[in-house]
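Structure first, then comments.
2 protein chains.
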Amino acid sequence: MSLMMEIEEQKNAGTHISGVESQRHAAVGLTPTYEGDFVLDGHLPLECGRTLAQPTLHYAVYGRLNTARDNAVLVCHALSGSAQVGSWWPELFADGALLSLERDCVICINLIGSCYGSTGPSSVDPETGNVYGPDFPLVSVRDNVNAQAQLITSLGIKKLRLVLGGSIGGMQALEWSIAFPGRVERAILIGVAPVPATGLALNHLQRHAIQQDPAWLGGRYSSLAQPEQGLALARQIAMLSYKSPKLFDERFGRKPNRNGEDPWALEFDGGGLTGGRFDIAGYLDEQGQRFINRFDANAYLAILRLMDTWDPVRVYRSANEAFSRIEAKLTIIGIASDQLFPVENVRSFANTIEESGADVEYKEMASEHGHDAFLAEQAVLLKLLA
Amino acid sequence: MSLMMEIEEQKNAGTHISGVESQRHAAVGLTPTYEGDFVLDGHLPLECGRTLAQPTLHYAVYGRLNTARDNAVLVCHALSGSAQVGSWWPELFADGALLSLERDCVICINLIGSCYGSTGPSSVDPETGNVYGPDFPLVSVRDNVNAQAQLITSLGIKKLRLVLGGSIGGMQALEWSIAFPGRVERAILIGVAPVPATGLALNHLQRHAIQQDPAWLGGRYSSLAQPEQGLALARQIAMLSYKSPKLFDERFGRKPNRNGEDPWALEFDGGGLTGGRFDIAGYLDEQGQRFINRFDANAYLAILRLMDTWDPVRVYRSANEAFSRIEAKLTIIGIASDQLFPVENVRSFANTIEESGADVEYKEMASEHGHDAFLAEQAVLLKLLA
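For the protein sequence lines, the chains are U and R, in the order given.
FYI, in the numbering used here the residues of the first sequence are 990 to 1375.
FYI, in the numbering used here the residues of the second sequence are 990 to 1375.
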């Protein structure tokens, strides 16, 4: 029986559509065994008090479900990720690494609010026939996890062997463990805690960058003319918190831009206010340009807001009430040079969870790569998780 | 003899104009004994290869020159400072603090490129009759120090008892010590080293913020309609590097904005992409608004560039050649929580200077206030300098 057939058989609280089954393996990264959409029935109730009509979850599956359906692993993606975890985190699947396509059925679901297949601000609201745009509601981490649980149920999976993620992916992994304690055997969270004040500030300034771009048009821009300058600047601001100052010093230092521009040139650009760029500036500009070709500004705003507002304790009477629900074995990893989620914050967050009685193993990743280390330093990460 | 008369008497390489002598002391901060303009004769040659015709230096004097003219102290200001050091750093003049109005004659000179009285992008180029705007050339830290030296000479001061500054002020203090070794007895530099990669990145993104504002108009905006949104965003980006994450967590944490906005409000602003602000966001927005009322966008760009390009070694054959020129006794202070000039960088910079044979005393300021600590934590600083 093919995976697609299995999936069709199991649908209950929603509908699976447009699935593609594939045996191909891409040159870069892995191609999913299956990639498709799951459309939830009716309305998804949201924490913000509104609902989302028939949202679509786009997801990818790597490997196959076993007969007992107890080999499922859910990988949750971060801000700008997609369901294709085999493309953006292929190292997880390497021989001897954390996941095995022989053993595991790895599932990854695009966040609601994103722009990689799941319902987001650029989708059409089935109730109005119009693109959501800036009217897209706040869909929280918890709302996403509730929707994901319906998809997991539809696949006949009662319990996930592992839920895993870094950054916003880690927020989802913890939220799964709290909201559905009986359905998660193990969870791994990397470089995550509730967003600290500096992170809230960084996200706020990224919103300004996008919303100050005249092309933003209050969020009602055409998909062919999105606020590129603002989105690029937002991405660049974020990049500063994804890497570490030490890494930037080693890689770029005070070198002039490798394209030949010279910040000290006697008469460059008149020698005036702008001048030639340093290498780090050229790098950031390139990162900004790459990003606008692959992401939507309103989706970016939606996920920033989901990130900002994540607080797993807020709806409970206490941290103890929230975290004592957890039955999964938790591994929480702080990254030594993380600028976005400082290691002290992650350590203290892990302590708080452990004090509620949860089974928490806390480890620290020695890396100069900053927040991105969970993607950039696989060898170090996998050794920690071994 | 009044100070103004003394000054008039001493003019040589330039002209003192529009001086105001005052015995008043303002309610907040000190009022200068004298405040006026010094116009350089002819053209100031610039490192960038261009010249600046008859630039004006606006400066303030606190206290009085003694007969030997050996009690002069030069305080150098940072990015957005002015000549009125008695207003922005009044604690230096407190009883028992570093400076004494009875003993010292304290001078502070507004940077060329700034918008507080010295020639800058909003000045009229005497050779064209037009406002410089974006054609204002790169006037480096060294160029500024060369111009300042003419002013100091015009006052009949052969040697400065002390040159002192934090951040860009410290750059000037060191540059004085290298360029005019016989004229500086002691120099104090706080929280400064050549701008590291992350600082270059932060400045680059601030330039983007200003130049992406449609009101920037390529730098040819009217003084009545400057690019306010972009300048505010630039200031906000900079603020993140002036304070420390720990300070922001203590002051703002994840609290909703104190004005009543709520990031989690069920239906705030439709519950959509923007939503209510956190407290840190409200704080930053207020800082941005304050800044646009007191600073000019092109002046900001000019000083960012001066800051970026500062490298005291670049025109010498080696660090040793540059720093072995120094005769002043140097005190260099690193700030433990500095995000803009990390304490490791300042320490290593101080070591490099000391290795050339200069008399360097290096100290660290224990503070959670980040880069701003040199202004925010006077008690700690003054104890270090006692």
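A virtual CB, placed ideally from N, CA and C, is assigned to each residue, including glycine.
Excluding its 5 nearest sequence neighbours in each direction, R/L1081 has C-beta neighbours in its own chain below 6 angstroms: L1087, L1088, listed in chain order. Taking the beta carbon of R/T1187 as reference, the chain U residues within 7 angstroms of it are L1229, P1234, F1237, listed in sequence order. With a cutoff of 7 angstroms on beta-carbon distance, U/I1226 and R/L1194 are scored as near each other. Here R/A1291 is buried, its C-beta having at least 16 other C-beta atoms within 10 Å. Bridge partners of U/V1062 according to DSSP: U/V1095, U/L1151.
The Cβ-Cβ distance between R/N1334 and R/P1234 does not fall below 7 angstroms. Around the beta-carbon of R/N1133, 16 or more other beta-carbon atoms lie within 10 Å, marking it buried.
Put simply, the region 1067-1081 of chain U does not touch the region 1034-1044 of chain U. Fewer than three CB pairs are less than 8 angstroms apart. Under the Cβ distance rule, R/H1032 does not count among the residues neighbouring chain U, no pair being separated by less than 7 angstroms. When C-beta atoms of the region 1116-1125 of chain U are compared with those of the region 1271-1285 of chain U, fewer than three pairs fall below 8 angstroms, so the two segments do not count as touching. Contact annotation: R/G1003 and R/Q1200 have beta-carbon atoms that are not nearer than 7 angstroms.
Excluding its 5 nearest sequence neighbours in each direction, R/L1220 has C-beta neighbours in its own chain below 6 angstroms: I1199, I1281, A1286, listed in chain order. Pairing U/L1163 with U/P1034 gives a Cβ-Cβ distance that is not under 7 angstroms. A Cβ of chain R is located within less than 7 angstroms of the beta carbon of U/W1253.
The beta carbon of R/A1190 falls within 7 angstroms of a beta carbon belonging to chain U, placing the residue at that interface. Only exposed fits U/V1304, as fewer than 16 other CB atoms lie within 10 angstroms of its CB. Take R/Q1367, set aside five residues on each side of it, and the residues of its chain with a beta-carbon closer than 6 angstroms to its own are E1080, in chain order. R/R1247 does not reach chain U, its nearest Cβ partner there being about 13 angstroms away, counting only Cβ pairs nearer than 9 angstroms.
Under the 8 angstroms Cβ criterion, the region 1343-1359 of chain U counts as touching the region 1313-1328 of chain U, having at least three qualifying pairs. Within the region 1286-1316 of chain U, those residues whose Cβ lies closer than 8 angstroms to any Cβ of chain R are, in chain order, N1287, L1290, A1291, R1294, D1297, T1298, D1300, R1303. Against chain U, the CB of R/H1197 has a partner CB under 7 angstroms away; the residue lies at that interface. Within the region 1263-1305 of chain R, the complete alpha helix (DSSP H) segments of 4 residues or longer fall at 1268-1281, 1286-1297, listed in chain order. Rounded to whole angstroms, the gap between the alpha carbons of U/R1039 and U/R1131 is 14 angstroms. Secondary structure note for U/I1146: it is in no alpha helix (DSSP H), with a DSSP letter that is neither H nor E. Note on the region 1074-1123 of chain R: whole beta strand (DSSP E) runs with a minimum of 3 residues are 1094-1098, in chain order. Using a CB distance cut-off of 7 angstroms, U/G1264 counts as an interface residue toward chain R. Interface criterion not met: the Cβ of R/Q1278 is under 7 angstroms from no Cβ in chain U. In the DSSP assignment, R/D1238 falls within the alpha helix (DSSP H) that extends over 1234-1240. Of the candidates R/P1216, R/Y1121, R/I1098, the residue whose Cα lies closest to the Cα of R/V1028 is R/I1098. Using a Cβ distance threshold of 7 angstroms, U/S1356 and U/I1324 count as a contacting pair.
Closest option to U/G1207, judged by alpha-carbon separation, among U/G1277, U/T1298, U/G1155, U/P1110: U/P1110. For U/F1338, the enclosing alpha helix (DSSP H) has its first and last residue at 1332-1344. Within the DSSP bridge table, the entry for U/L1178 names U/G1154, U/I1321 as partners.
Between U/L1063 and U/V1181, the gap from beta carbon to beta carbon reaches 7 angstroms or more. In the structure shown, R/D1026 falls within a strand segment according to DSSP collapsed to helix, strand and coil.
Contact of U/P1115 with chain R by beta-carbon distance below 8 angstroms is absent, the smallest such distance being about 17 angstroms.
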